[in-house]
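Protein chains in written order, with the numbering used here: chain A, 3 to 115; chain B, 50 to 542. Beta carbons are placed, not taken as given, at the ideal position from N, Cα and C, and that holds for glycine. Keep in mind the model is a prediction, meaning the values are calculated, not measured.
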Amino acid sequence: MEIVMAFVVGIIFMAATYLMLSKSLLRIIIGTGLLSHGTHLLVLTMGGLKNGAAPLLGEHAAQYNDPLPQALILTAIVIAFGVTSFFLVLAYRAYQELGTDNMDRLRGTKINE
Amino acid sequence: MNNLLLLPILIPLFTAVILIFLNRFTVASRWVSVLSLLSTVFVSVLLFQKVRTDGIQTLNLGNWEAPFGITLVSDMLSALLVLTTSVIAFACCLYSFRAIGEEREKFYYYSILQFLIVGINGAFTTGDIFNLFVFFEVMLMSSYVLLVLGGTKAQLRESVKYILVNIISSSLFVITVAYLYSVVGTLNMAHISTRIAEVGQPGILTVIAVLFLIVFGLKGAIFPLYFWLPGSYYAPPAPVLALFGALLTKVGVYSIMRTYTLFFPHDPGYTHELLGVLAVITIIVGIIGALAYWDIKKIIIYNIIVAVGVILFGVSVNTTESLTGAIFYLIHDMLIKAALFLLVGVVIAITGTSNLKKISGLIKNYPLLGWMFLLSALALAGIPPLSGFVGKLLIIKSGFEAEAYWGAGIVLMSSLLVLFSVMKIFINGFWGIHRTYEKEEKAPVSWLLISPAILVIISVLYGVGAELVYPYILEAAETLTNPSTYINAVMKE
């Protein structure tokens, strides 16, 4: 199962990288969303998949699952959610102000361009 | 167990929340903000005193025992950095009153500034690697807002790139923490250190060490990963630039310092060698940038990169002496960079431009500004007895002792070129023919000079009183070279 997950995560990262290399700002944002999904799946896989009972005291199981990666993912999801929504608003505002969402036309470092 | 640790994080946090409701009352929010930062400085001094007398302080949040819950740890290094951060934030906040503009103030500027300090102080204090990520995100989120606040075209354009770079680096951070967790099975930094020492850092952990270098290197702007910095830092106004330049990159540098001494000291032949080479190239790249531009903001921005290289070279040599130098230089650089950016802000407020070729003869009407600039320029380059000297001396001396001749030689040469790059500003901008500028009358120069004056005075005292400060810096460096003191303090209960 972990091997399959490794491939899934890899494919998601590949798609995310492809999207982030495109010129359209919206695609880039979707790419960052995919990247964080891939990251969360990776964290989940790193804790080991389904190798015990739920981590509750009453279960009396020989082995328990590790609940920590899930707690980490929850935190990371919230943060990724916040950052993505901020990025979307920023992209909209930048589009209004600069009149383009093409990264090629967002070059340069001069203040009054 | 000491709740004092939490106060430099909690005070700005609560103030930030209060300030959200005060956004319409500009004067009130100014004073609430500055008072809260003043009390943060006060609390940081108390914390420093406590660490000085009683050693490393720890706090297990929610009373969860050390390796399981989140632990806050304040050793000498983190106490010193929290103190410096609070002082700089206070100075920048005071400066903002007359520099940032009412529009930005109404749109939660002071509130976001407090959130930034929450993130930075938290990152310096935490003893849990995932919690470090969370505080990084608090800090980055505030920095996104500060960078874009005002909404000029340049700011919007640069924010897009800055956010994209940081999202990628944050994802990498989570990935790295996941890898580390799968290998050592813990997130507590002291516990990670013991576990790694037990298995003796096999190859997989060296890979993770390099991943950490990439993650923190992106924040700290080391050689191949510095590309976003000059553009992004150019966009925001002076007080925000001072906060970013003085504090944000230094959090990355601190994290490299912490992870490379606490987690990965077992294979220095690979990891520290790599860090050393990258640090030296960082210095060279920064110098080239600082010499090439005729724009005062750009020159100082590239000097950030040089300083990062110098500090990390000290870390890579990895002896107590070199780490003492690195910490000494780190604190010096935070103070002096903030002062320089604020002074550059004053120059821009007077002249309305940052192009050096359009500025000259400022010293005639603004002698205080001129002398303060000269003093901080000399301190930046490390002229004795000013504060840059001691740090650089220790770094270079230990570099030669460790037979890293090339690196130490380049650090030595870099001082000369740094001096040249900032003297270029002084000679062309302050000497020469006196000119008049359009906006000159309106610039609130005497108010704006207060904050840089505070910082320059502290920095001069820091340099002249190096003998008094040295024992504390040495103690901080000794904690770094002997992780056992740190581990014992965290895991004792």
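Practice problem: Can you give me, in chain order, the residues of the segment 13-34 of chain A that have a beta carbon less than 8 angstroms from any beta carbon in chain B? | Solution: M22, L27, I30 and T34
Practice problem: Measure the alpha-carbon distance for D316 of chain B versus L323 of chain B and round it to whole angstroms. | Solution: In the second sequence, the residue the question calls residue 316 of chain B occupies position 267. In the second sequence, the residue the question calls residue 323 of chain B occupies position 274. Going from the Cα of D316 of chain B to the Cα of L323 of chain B covers about 11 angstroms.
Self-check item: Within-9 angstroms CB hit, P71 of chain A to chain B
Solution: Start at 1 with the first residue of the first sequence, and residue 71 of chain A comes out as number 69. By this cut-off, P71 of chain A is an interface position.
Quiz prompt | Residue range of the unbroken beta strand (DSSP E) whose run includes S403 of chain B | solution = Looking up residue 403 of chain B in the second sequence gives position 354. Counting along the chain, S403 of chain B falls outside any beta strand (DSSP E), and DSSP gives it neither H nor E.
Quiz item: Since V223 of chain B meets chain A, which of its residues come closer than 7 angstroms, beta carbon to beta carbon?
Solution: Taking the first residue of the second sequence as 1, we reach residue 223 of chain B at position 174. Residues of chain A passing the Cβ test: T41, V45 and A78.
Quiz item: For N114 of chain A, is the classification buried or exposed, using 16 other Cβ atoms within 10 angstroms of its Cβ as the cut-off for buried?
Solution: As a working note, residue 114 of chain A is residue 112 in the first sequence. Unreliable positioning characterises N114 of chain A in this predicted model, as indicated by a pLDDT of 46, which lies under 50. The coordinate reading is nonetheless provided below. Its Cβ having fewer than 16 others within 10 Å, N114 of chain A is exposed.
Quiz item: Quick one: Cα of L36 of chain A to Cα of V395 of chain B, how far?
Solution: Here residue 36 of chain A is taken as the residue at index 34 of the first sequence, counted from 1. Here residue 395 of chain B is taken as the residue at index 346 of the second sequence, counted from 1. Whole-angstrom Cα-Cα distance: 44 angstroms.
Quiz item: Would L116 of chain A count as contacting chain B if we go by Cβ distances under 9 angstroms?
Solution: There is simply no residue 116 of chain A to check, as chain A begins at 3 and stops at 115 in what is shown.
Practice problem: Check the C-beta distance from S135 of chain B over to P57 of chain B and give it rounded, since I have them as a contact under 8 angstroms. | Solution: Position 86 of the second sequence, counted from the start, is the residue given in the question as residue 135 of chain B. Position 8 of the second sequence, counted from the start, is the residue given in the question as residue 57 of chain B. Contact flag correct, Cβ pair sits at about 6 angstroms.
Exercise. Work out the CA separation of G401 of chain B and G458 of chain B for me, nearest whole Å.
Key: Counting from one through the second sequence, the residue named residue 458 of chain B turns up at place 409. Counting from one through the second sequence, the residue named residue 401 of chain B turns up at place 352. Per the coordinates, the alpha-carbon of G458 of chain B lies some 39 angstroms from the alpha-carbon of G401 of chain B.
Self-check item: Contacts of L205 of chain B in chain A (Cβ-Cβ under 8 angstroms)
Solution: Mapped onto the second sequence, residue 205 of chain B falls at position 156. Ordered by position in chain A, the residues that pass the 8 angstroms Cβ test against L205 of chain B are L92, R95, A96, E99 and L100.
Practice problem: Starting from the N-terminal side, write out each stretch of the alpha helix (DSSP H) that is 4 residues or longer and does not extend beyond the segment 248-307 of chain B. | Solution: Correct list: 252-269, 278-283 and 287-292.
Quiz item: With S281 of chain B and L165 of chain B assumed to form a contact (beta carbons below 8 angstroms), what rounded beta-carbon distance in angstroms separates them?
Solution: Walking along the second sequence from the start, residue 281 of chain B turns up at place 232. Walking along the second sequence from the start, residue 165 of chain B turns up at place 116. The beta carbons of S281 of chain B and L165 of chain B sit about 15 angstroms from each other, so the pair does not count as a contact at 8 angstroms.
Quiz item: Shorter than 9 angstroms from the beta carbon of I212 of chain B to some beta carbon of chain A?
Solution: Counting from one through the second sequence, the residue named residue 212 of chain B turns up at place 163. Yes - at least one Cβ of chain A is within 9 angstroms of the one on I212 of chain B.
Quiz item: Taking 9 angstroms as the CB-CB limit, is A341 of chain B close to chain A?
Solution: Along the second sequence, read from residue 1 onward, the residue named residue 341 of chain B stands at position 292. Interface criterion not met: the Cβ of A341 of chain B is under 9 angstroms from no Cβ in chain A.
Quiz item: Which residue's Cα is closest to the Cα of P273 of chain B: B:L327, B:G118 and B:I476?
Solution: Here residue 273 of chain B corresponds to residue number 224 of the second sequence, with the count starting at 1. The option with the nearest alpha carbon to P273 of chain B is B:L327.
Quiz item: Taking the alpha-carbon positions, what's the L44 of chain A to V80 of chain A distance?
Solution: For the purposes of this step, residue 44 of chain A is taken as the residue at position 42 of the first sequence. For the purposes of this step, residue 80 of chain A is taken as the residue at position 78 of the first sequence. Answer to the nearest angstrom: the Cα atoms are 16 angstroms apart.
Exercise. Give the straight-line distance between the Cα atoms of S123 of chain B and L461 of chain B, rounded to the nearest whole angstrom.
Key: For the purposes of this step, residue 123 of chain B is taken as the residue at position 74 of the second sequence. For the purposes of this step, residue 461 of chain B is taken as the residue at position 412 of the second sequence. Rounded to the nearest angstrom, the two C-alpha atoms are 33 angstroms apart.
Quiz prompt | At least 3 beta-carbon pairs within less than 8 angstroms: the segment 83-102 of chain A vs the segment 58-72 of chain A | solution = no
Quiz item: Quick one: does I536 of chain B have its CB under 9 angstroms from some CB of chain A?
Solution: Residue 536 of chain B sits at position 487 when you count from the first residue of the second sequence. Judged by the 9 angstroms Cβ criterion, I536 of chain B is not in contact with chain A.
Self-check item: Whether S425 of chain B touches I385 of chain B by CB criterion (9 angstroms)
Solution: Here residue 425 of chain B refers to the residue found at position 376 when the second sequence is read from its first residue. Here residue 385 of chain B refers to the residue found at position 336 when the second sequence is read from its first residue. In this structure, I385 of chain B lies closer than 9 angstroms to S425 of chain B by Cβ.
Exercise. Express the C-alpha separation of L529 of chain B and G249 of chain B in angstroms, rounding to a whole number.
Key: Translated into positions along the second sequence, residue 249 of chain B becomes position 200. Translated into positions along the second sequence, residue 529 of chain B becomes position 480. Approximately 18 angstroms between the Cα atoms of the pair.
Self-check item: Residues in the segment 171-203 of chain B having any Cβ partner in chain A nearer than 7 angstroms
Solution: F179, V183, E186, M190, Y193, V197, G200, K202 and A203
Quiz item: Any Cβ of chain B within less than 9 angstroms of the Cβ of M7 of chain A?
Solution: Residue numbering aside, residue 7 of chain A sits at position 5 when the first sequence is read from its first letter. No, no contact with chain B.
Quiz item: Can at least three beta-carbon pairs, one atom from the segment 231-242 of chain B and one from the segment 106-118 of chain B, be found at a separation below 8 angstroms?
Solution: yes
Quiz item: the segment 271-302 of chain B: which residues have C-beta closer than 8 angstroms to a C-beta of chain A, in chain order?
Solution: P279, G280, Y283 and A284
Quiz item: Do three or more CB pairs link the segment 262-279 of chain B to the segment 304-321 of chain B at distances below 8 angstroms?
Solution: yes
Self-check item: Contiguous alpha helix (DSSP H) assignments of at least 4 residues, all confined to the segment 447-530 of chain B
Solution: 454-474, 494-497, 499-513 and 515-530
Exercise. Compare the Cα-Cα distances from F475 of chain B to each of B:P501, B:L379, B:I349 and B:A502 and report the closest residue.
Key: In the second sequence, residue 475 of chain B corresponds to position 426, counting from 1. F475 of chain B has its Cα closest to that of B:I349, out of B:P501, B:L379, B:I349 and B:A502.
Quiz item: Should G84 of chain A be labelled buried (16 or more other beta-carbon atoms within 10 Å of its own) or exposed?
Solution: In the first sequence, residue 84 of chain A corresponds to position 82, counting from 1. When all chains shown are included, G84 of chain A counts as exposed.
Exercise. Count the other C-beta atoms from every protein chain shown that fall within 10 angstroms of the C-beta of V133 of chain B, then say buried if there are 16 or more, exposed otherwise.
Key: The count along the second sequence starts at 1 and reaches residue 133 of chain B at position 84. The identity of residue 133 of chain B in the sequence shown is Thr, whereas the question assumes Val. The residue is buried, with at least 16 neighbouring Cβ atoms inside 10 Å.
Practice problem: Could you confirm whether any beta carbon from chain A is found closer than 9 angstroms to the beta carbon of Y157 of chain B? | Solution: The count along the second sequence starts at 1 and reaches residue 157 of chain B at position 108. No, no contact with chain A.
Quiz prompt | Positions along the segment 455-483 of chain B whose CB lies within less than 9 angstroms of some CB in chain A | solution = none
Self-check item: Helix, strand or coil at S24 of chain A according to DSSP, with G and I counted as helix
Solution: As a first step, residue 24 of chain A must be located in the first sequence, where it is residue number 22. In the structure shown, S24 of chain A sits in coil (DSSP, three-state: anything other than H, G, I, E or B).
Quiz item: In whole angstroms, what is the alpha-carbon distance linking S371 of chain B and I522 of chain B?
Solution: Here residue 371 of chain B corresponds to residue number 322 of the second sequence, with the count starting at 1. Here residue 522 of chain B corresponds to residue number 473 of the second sequence, with the count starting at 1. Each residue's alpha carbon lies about 11 angstroms from the other.
Quiz item: Which chain B residues are close to L108 of chain A, counting only those with a beta carbon under 7 angstroms from its beta carbon?
Solution: What you label residue 108 of chain A is simply residue 106 of the first sequence in a count that begins at 1. Those within 7 angstroms of L108 of chain A in chain B are R206 and V209.
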